[in-house]
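Notes to accompany the following structure.
Numbering (my numbering), first residue to last: 40 to 190.
This is how it looks when you write it as structure tokens:
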């Protein structure tokens, strides 16, 4: 079986904004756009958010301020919930997400998931592997999946 890929994506709450023709941003943004790392300062999400902002500014891709804020809690669920309930429709919020937070809704751990927001970019992908003891019950991934289905 192929590797499982997880993407770290940017999530925006720009639900219901007027669509622009491709390549035309209009006068967006009108002010700062907050980039949220839904984790503690120094975490992977935090360093990703700060590296993103640094690259966008260094390459002169953006001229508006991009303050980074940290909103830890619930593997991103706390911020996503707040974003969906309090920031919905606004175009000044961007958040970092990953496989862990993208699967929270599917695992019934969060009310919201990636289908509730607008994913705007994939920054990188990761390969994951599943290992079992050599003398374990599973010889391949199909056997493990079958056992999980039976459980």
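C-beta atoms are modelled at their ideal positions from N, C-alpha and C, and glycine is treated no differently.
Since this is a predicted model, take the numbers as computed values, not measurements.
- Under DSSP, the beta-bridge partners assigned to residue 73 are 132.
- Within the model, the alpha-carbon separation for residue 103 versus residue 66 is close to 11 Å.
- The beta-carbon distance between residue 134 and residue 109, rounded to whole angstroms, is 11 Å. This is too long to meet the 8 Å contact definition.
- For residue 148, same chain residues with a beta-carbon under 7 Å away, outside a window of 5 residues either side, are 116 in chain order.
- Around the beta carbon of residue 152, a 10 Å sphere encloses 16 or more other beta carbons of the protein chains shown; the residue is thus reported as buried.
- Counting the other Cβ atoms within 10 Å of the Cβ of residue 171 gives fewer than 16, which makes it exposed.
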